[in-house]
Structure formats: C-alpha cells, structure tokens
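One structure is given below, encoded as structure tokens.
Put into structure tokens, the structure is as follows:
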C-alpha cells in the first residue's frame with residue numbers, strides 16, 4: 002500500500018513538472034513568435050544577458066536573429082563627454098532638458114521616497130512598471146572610487162564579496178562594478194572583463210587595447226566612452242572599469258540605451274553639480290521583474306544625470322550601505338565573489 006501511494010505521488014509530481022515545463026515553453030514560444038516584436042526582443046535580451054541560460058534564446062531563434070537583436074546594444078558611442086557641463090563646485094545645475102515623458106518612472110520632488118539622508122549621501126526608492134530599486138546620490142564625487150579584490154588578478158585567485166572589499170577599504174557604501182569572466186554562471190569572480198583602474202593605477206588591462214571606459218578622472222568628473230589604457234592614463238582617469246552600454250551622454254540618452262531585456266541592473270551617473278548617482282534595480286523576482294536599458298536611462302535622466310553608463314547586472318547587482326545589503330540579490334547562493342566594486346569612502 003505504501004509503495005502504491007509513493008508511486009502515485011511520484012507520477013503526479015512528474016506530471017506536474019512536465020506541465021509546468023510545457024507551459025513555460027509555450028509562453029516563451031508565444032513571446033518569440035507572437036505579433037509583438039518588442040516581446041521577442043525582451044525575451045532574447047533577457048536570457049542572453051545572463052551567464053547561465055543564454056542557450057534558451059537559441060531554442061527559439063536563429064543565430065542571425067539573435068545577432069540582429071544583440072547588435073542594438075553594441076552601438077559605438079562617438080560623442081565625447083563635455084566636461085564643461087559638470088561643475089563640481091557649483092551648487093546650481095546647468096540647464097539641461099532632462100524632462101522625459103515617461104509615466105512609468107516615479108520621481109517626485111517631495112521626500113516620500115527618501116529612506117536615508119545623512120553624511121552627504123541620499124538613498125531613495127525608485128519604482129517602475131516592472132521594477133523596483135534604489136538610487137544612491139553622493140554629493141562629493143571625490144568619495145567615489147573603484148575597489149579591487151586583489152592587487153593582482155589571477156584565474157586561480159577568486160574575487161571577493163563586496164562586503165569584504167568595503168571592510169578592507171574602510172568604505173561606507175558600495176555597489177558592484179565591472180564585468181568578469183563567468184562561464185555558465187559559476188565563475189569565481191577572479192578575472193575582470195576589460196580594464197580596471199584604481200586610485201590612478203592600471204590594475205588590469207592593456208595600455209594599447211581600446212576599452213569601454215566607465216570611470217572618474219582626477220577632476221572627479223565621470224568619463225564614459227571608448228579609449229585605450231594609455232589614453233585613459235594620459236587623460237587623467239583615476240578609477241575605471243569596463244561594461245556598458247553607455248546610457249546618457251551630455252544630457253541625452255544614447256541610441257544604445259533603447260534596448261535590453263528585463264533584468265537586475267546597476268548603473269552609475271553624474272549630475273551637473275558633480276553628484277554621483279548609483280542605481281541598483283532588483284530583478285528576476287515576483288515583486289520586481291527587472292528593468293531594460295531604456296528604463297534605467299530614463300531613471301538617470303529623471304534624477305538629473307548628465308552622463309551615465311550601465312554596469313554589470315544580473316545576480317551581481319547589489320547595493321550596500323553601512324554594512325547592510327539594501328536590495329534583494331538575484332543570486333540563489335547569495336552575494337557573489339567579484340573582482341571590482343564602486344566604493345563610497
């Protein structure tokens with residue numbers, strides 16, 4: 002009798018799992034093959050932006066279709082940051098039209114969204130139709146730097162958790178930063194992708210290779226764009242990582258920002274008065290599916306960003322303040338090891 006009950010239970014469980022898998026397959030098939038090209042793009046970009054389930058896009062789309070969709074985020078940014086638009090010592094912001102007609106983004110002029118306001122740091126709740134997250138504003142940009150997990154990177158040396166890097170630098174707050182090698186979503190966070198500069202030193206990358214630079218220069222201005230390691234050094238970049246796309250240049254959203262799937266996100270921006278904006282969006286949760294590049298570009302513009310760029314996201318997206326993880330990490334195993342972070346001293 003016990004064996005029969007167990008067998009029936011296993012059969013019911015197996016059938017339930019099979020039905021769930023079939024339902025998910027049908028939902029994804031409808032997304033890809035339905036009348037909405039935007040739904041197809043969101044699905045492809047959402048899974049292709051992950052390390053573990055990239056293969057799902059290949060089940061429903063050809064390689065040519067995937068390449069065409071992904072090409073939208075690979076647009077080269079030819080504009081250069083106009084540093085004259087940033088005046089760190091000026092309390093009054095330059096008049097840049099940052100008023101976008103997007104009712105999905107909630108940004109009010111009152112204090113109802115502010116959860117922390119002290120020591121030159123303000124942290125606010127942000128909400129959209131598919132996401133929720135936090136925006137940290139750091140009034141003094143000289144406090145913002147790139148923290149590294151090691152003095153020298155090696156495949157045999159794992160990265161460190163953000164909380165550990167915060168402690169080693171004596172920082173107050175932090176988010177994740179640049180990308181890193183992460184095969185099948187199980188990488189050890191030891192090897193960065195692109196360039197790493199910290200406190201004026203080239204920690205990783207080549208002087209001759211061109212990279213997508215996201216960093217601070219010696220005048221505490223956020224610089225985003227493409228340059229070689231040597232060009233970064235010569236132009237006075239003190240702290241930098243690589244990722245992308247670039248979302249906002251000189252107060253205008255870039256073409257590359259008009260894409261992306263719905264995923265957890267991290268981004269950095271700067272206002273005209275020098276204030277640094279650090280944005281972290283939750284994703285892959287019932288309460289927050291995630292945000293597209295367009296979503297976070299809109300949020301950055303609403304907060305007054307003159308320049309802004311997307312940092313590594315997904316299960317790496319995390320924001321810490323005074324030892325506390327503020328957002329909900331998308332990683333099932335908890336905070337991950339990584340090679341870099343954005344620190345607020």
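In this note's numbering, the protein residues as written are 2 to 346. Using N, Cα and C, we set each Cβ at its ideal position, and we do this for glycine too.
Would you tell me roughly how many angstroms separate the C-alpha atoms of residue 137 and residue 177, rounded to the nearest one?
-> Going by C-alpha positions, residue 137 is about 13 Å away from residue 177.
Taking the Cβ atom as the reference point for each residue, do residue 167 and residue 175 lie within a distance shorter than 7 Å?
-> Going by beta carbons, residue 167 and residue 175 fall inside the 7 Å limit.
Use the C-beta contact count for residue 81: other C-beta atoms within 10 angstroms, 16 or more gives buried, fewer gives exposed.
-> Around the beta-carbon of residue 81, fewer than 16 other beta-carbon atoms lie within 10 Å, marking it exposed.
Pick helix, strand or coil for residue 226, following the three-state DSSP scheme.
-> The three-state secondary structure of residue 226, taken from DSSP, is strand.
Name the DSSP bridge partner or partners of residue 161?
-> DSSP output for residue 161 lists 339 as bridge partner(s).
Mind checking who residue 140 pairs with in its DSSP beta bridge?
-> Residue 140 pairs with nothing; no bridge assigned.
Assess, as a yes-or-no matter, whether the segment 185 to 195 is touched by the segment 320 to 329 under the definition of 3 or more beta carbon pairs within less than 8 Å.
-> Under the 8 Å Cβ criterion, the segment 320 to 329 does not count as touching the segment 185 to 195, having fewer than three qualifying pairs.
Indicate whether at least one CB of chain C lies closer than 7 Å to the CB of residue 193.
-> Among the chains of the structure shown, chain C does not appear; only one protein chain is present.
Of the listed residues 150, 281, 3 and 345, nearest to residue 221 (C-alpha basis) | By alpha-carbon distance to residue 221, the top candidate from 150, 281, 3 and 345 is 345.
Starting from residue 295 and walking both ways along the alpha helix (DSSP H), at which residues does that stretch end?
-> Counting along the chain, the unbroken alpha helix (DSSP H) around residue 295 starts and ends at 294 to 303.
Would you mind working out which of 181, 150 and 184 sits nearest residue 169, comparing C-alpha positions?
-> In this structure, 150 is the residue among 181, 150 and 184 with its C-alpha nearest to the C-alpha of residue 169.
Put residue 83 into one of helix, strand or coil per three-state DSSP.
-> Coil, per DSSP.
Could you tell me if residue 50 is buried or exposed, where buried requires 16 or more neighbouring beta carbons within 10 angstroms of its beta carbon?
-> Residue environment for residue 50: buried (at least 16 other C-beta atoms within 10 angstroms of its C-beta).
Which residues bound the beta strand (DSSP E) around residue 118?
-> For residue 118, the enclosing beta strand (DSSP E) has its first and last residue at 115 to 119.
Coarse secondary structure for residue 107, derived from DSSP in three states | Note that residue 107 has pLDDT 45, beneath the 50 cutoff, so the model's placement of it is unreliable and no number is given.
How should residue 334 be labelled, buried or exposed, when 16 other C-beta atoms within 10 angstroms of its C-beta is the threshold for buried?
-> Exposed.
Whether residue 292 touches residue 132 by CB criterion (7 Å) | In this structure, residue 132 lies closer than 7 Å to residue 292 by Cβ.
As assigned by DSSP and simplified to three states, the class of residue 217 | Here residue 217 sits in strand by DSSP.
Do you know offhand how far residue 83's Cα is from residue 253's?
-> The alpha-carbon atoms of residue 83 and residue 253 are separated by roughly 12 Å.
When the Cβ atoms of the segment 232 to 248 are set against those of the segment 283 to 292, are three or more pairs found closer than 8 Å?
-> Too few Cβ pairs lie closer than 8 Å, so no.
When we look at the beta-carbon of residue 90 and count the other beta-carbons within 10 Å, is it buried (16 or more) or exposed?
-> Here residue 90 is exposed. Its C-beta has fewer than 16 other C-beta atoms within 10 Å.
State the Cα-Cα distance for the pair residue 306 and residue 300, rounded to the nearest angstrom.
-> Straight-line measurement puts the Cα of residue 300 at about 9 Å from the Cα of residue 306.
Excluding the 5 residues preceding and the 5 following residue 95 in the sequence, name in chain order all residues of the same chain whose CB lies nearer than 6 Å to its CB.
-> Low per-residue confidence applies at residue 95: pLDDT is 43, beneath 50, and the placement is therefore not dependable, though the value from the model is reported in the following sentence. Only residues of its own chain outside the window of five on either side were considered, and among them 86 and 273 have a CB closer than 6 Å to the CB of residue 95, listed in chain order.
Would a C-beta distance cut-off of 7 Å place residue 296 and residue 244 closer than the cut-off?
-> Cβ atoms of residue 296 and residue 244: not closer than 7 Å.
Other residues of its chain near residue 134: CB distance less than 6 Å, five sequence neighbours each side excluded = Counting only residues of its own chain and dropping the five nearest sequence neighbours on each side, residue 134 has a CB closer than 6 Å to the CB of 127, 281, 282 and 283.
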